[in-house]
């Protein structure tokens, strides 16, 4: 009997077993989503979702449906099936790196909102918010990297407890004092109640792993350092979130968006000729690999991104990253603040901002009253601006830097 149990234990630790278990988990998740979709769409003319379709079957119908439903994150329009899917979930906030050796990133074009700021040494990093845009298909993300405290402050705006995905982060758990107190991201996650066993903090250095996360050394077809190899599956993340009691509602029955404050949205209002046709800026003057250019595409009424003069593309679908809105929020930079060269950026209070949309620029400001409060973007009269429906990129640029447009 003991020998038999040992064989079972050995089999359960194999990769084949783990992959099979993950497929079973996704099947069960798909069945649950299909039931929710059937309830949501039941009786509506022209929309038929069979209970046996599962998640992939429901998604296969999306291309034939009109986009009538507003995304609460960026105001974009999606189909009823996509809404039915996202309403079973809560937002994901994922740390994605932008090191020149790790490009192109995977999955970033499916984000609803993206924040960019320096992580350290002039190298920028992204916090990507996924919710509506990740409903239509399975999305794989790479490379997932470590957290910085200011990114967490922005993640807190998405309902207070989004699924926060990362690979470790700035901390002083060893007690050496090498990381400044104000920069300790993991300790901050503990203080706000995210970093608990089976909580909404999905960290590979804590209690998250395969099949949500795995290392892929072959993704780019070239040799890269290990820190550039972590991938994640958003469908698997949602399956794990459901098991932990973090789907659309938590274990107490509270919906994720009870305290969520949405921005205001408006339809396209392009005026010819466009005035702000090329936006260019740098984060650090000695790091040209991270210089950014956004070029206006009148056919889409939005902006296409470049880094270091090269098209910035999504590795998965080869598309050039596009945004309906580009916001440059000027933030106070402090650091390096410790031996690990961590930087700090002001996320609360007020600052100047440039909001680019419809081929034009709004010279305004930003305001965030507390760490968990929603960042509001205001025009020159102090009124909250409306974002054009679609993807929003927020660039946290050191105050005093020049932006050309």
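Residue numbers (UniProt numbering): 1 to 405. By construction, the Cβ of each residue, glycine as well, lies at the ideal position given by its N, Cα and C atoms.
Asked: Threshold first: 3 residues or longer. Then list the beta strand (DSSP E) segments lying entirely within the region 163 to 199, N to C.; Found: 163 to 166
Asked: Grab the span of the beta strand (DSSP E) containing residue 155 for me, first residue to last.; Found: Segment 149 to 155 is the alpha helix (DSSP H) holding residue 155; no beta strand (DSSP E) there.
Asked: Is the number of C-beta pairs between the region 226 to 240 and the region 140 to 160 that are closer than 8 Å three or more?; Found: yes
Asked: Between which two residues does the beta strand (DSSP E) containing residue 238 stretch?; Found: Segment 234 to 243 is the alpha helix (DSSP H) holding residue 238; no beta strand (DSSP E) there.
Asked: Suppose only complete runs of 4+ residues qualify. What are the alpha helix (DSSP H) ranges in the region 119 to 148, listed by chain order?; Found: none
Asked: Where does residue 62 sit, in a helix, a strand or coil, going by DSSP?; Found: helix
Asked: For residue 454, name the three-state secondary structure that DSSP assigns.; Found: Residue 454 lies beyond the stretch modelled for the chain, which goes from 1 to 405, so this question has no answer here.
Asked: My output table needs one value for residue 159: the three-state DSSP class, helix, strand or coil.; Found: coil
Asked: Quick check on this structure: which residue in 402, 191 and 132 has the alpha carbon closest to the alpha carbon of residue 72?; Found: 132
Asked: If distances are taken between C-alpha atoms only, which option among 226, 362 and 124 comes closest to residue 352?; Found: 362
Asked: Who are the near neighbours of residue 240 in its chain, counting only those whose CB is closer than 6 Å to its CB and skipping five residues on each side?; Found: 212
Asked: Which of the three DSSP states is assigned to residue 100 in this structure?; Found: helix
Asked: Distance check for residue 96 and residue 220, CA to CA, integer angstroms please.; Found: 15 Å
Asked: In whole angstroms, what separates the C-alpha of residue 267 from that of residue 78?; Found: 14 Å
Asked: Going by DSSP in three states, residue 84 sits in which element: helix, strand or coil?; Found: helix
Asked: For the candidate residues 374, 314, 349 and 91, whose alpha-carbon lies nearest to that of residue 331?; Found: 349
Asked: Give me, in chain order, the residues of the same chain whose beta-carbon lies closer than 6 Å to that of residue 340; leave out the 5 immediate sequence neighbours on both sides.; Found: 178 and 179
Asked: Since residue 173 contacts residue 201 with CB under 8 Å, what's their CB separation in whole angstroms?; Found: At roughly 14 Å, the Cβ-Cβ gap does not stay under 8 Å, so residue 173 and residue 201 are not in contact.
Asked: Apart from the five residues on each side of it in sequence, which residues of its chain come closer than 6 Å, Cβ to Cβ, to residue 321?; Found: 109, 305 and 312
Asked: Short check: CB of residue 260 to CB of residue 159, under 9 Å?; Found: yes
Asked: Enumerate in chain order the residues of its own chain whose CB-to-CB distance from residue 403 is below 8 Å, with the five nearest sequence positions on each side excluded.; Found: 279, 280, 281, 328, 354 and 397
Asked: I need the boundaries of the beta strand (DSSP E) containing residue 209, first residue and last residue.; Found: Premise fails: residue 209 is in no beta strand (DSSP E) and is neither H nor E.
Asked: Opposite residue 248 in the DSSP bridges: which residues?; Found: Per DSSP, none; premise fails for residue 248.
Asked: How big is the Cα-Cα spacing for residue 82 and residue 303?; Found: 25 Å
Asked: Measuring only the C-alpha atoms, how far is residue 199 from residue 169?; Found: 17 Å
Asked: For the beta strand (DSSP E) holding residue 281, just list the boundary residues, first then last.; Found: 278 to 281
Asked: Ends of the beta strand (DSSP E) at residue 362?; Found: 360 to 368
Asked: What's the gap between the Cα of residue 294 and the Cα of residue 175?; Found: 43 Å
Asked: List the whole-angstrom C-beta distance separating residue 307 from residue 392, where the pair is believed to meet the contact cut-off of C-beta under 8 Å.; Found: That belief does not hold up - the Cβ atoms of residue 307 and residue 392 are roughly 18 Å apart, past 8 Å.
Asked: What do you reckon, are the CB atoms on residue 60 and residue 85 nearer than 9 Å?; Found: no
Asked: Does the separation of the CB atoms of residue 290 and residue 356 fall below 9 Å?; Found: no
Asked: Can you tell me which of the three DSSP states residue 385 falls into?; Found: coil
Asked: Determine the extent of the beta strand (DSSP E) in which residue 354 is found, giving its start and end residues.; Found: 349 to 357
Asked: I think residue 275 touches residue 359, with their Cβ atoms under 8 Å apart; what is that distance to the nearest whole Å?; Found: 6 Å
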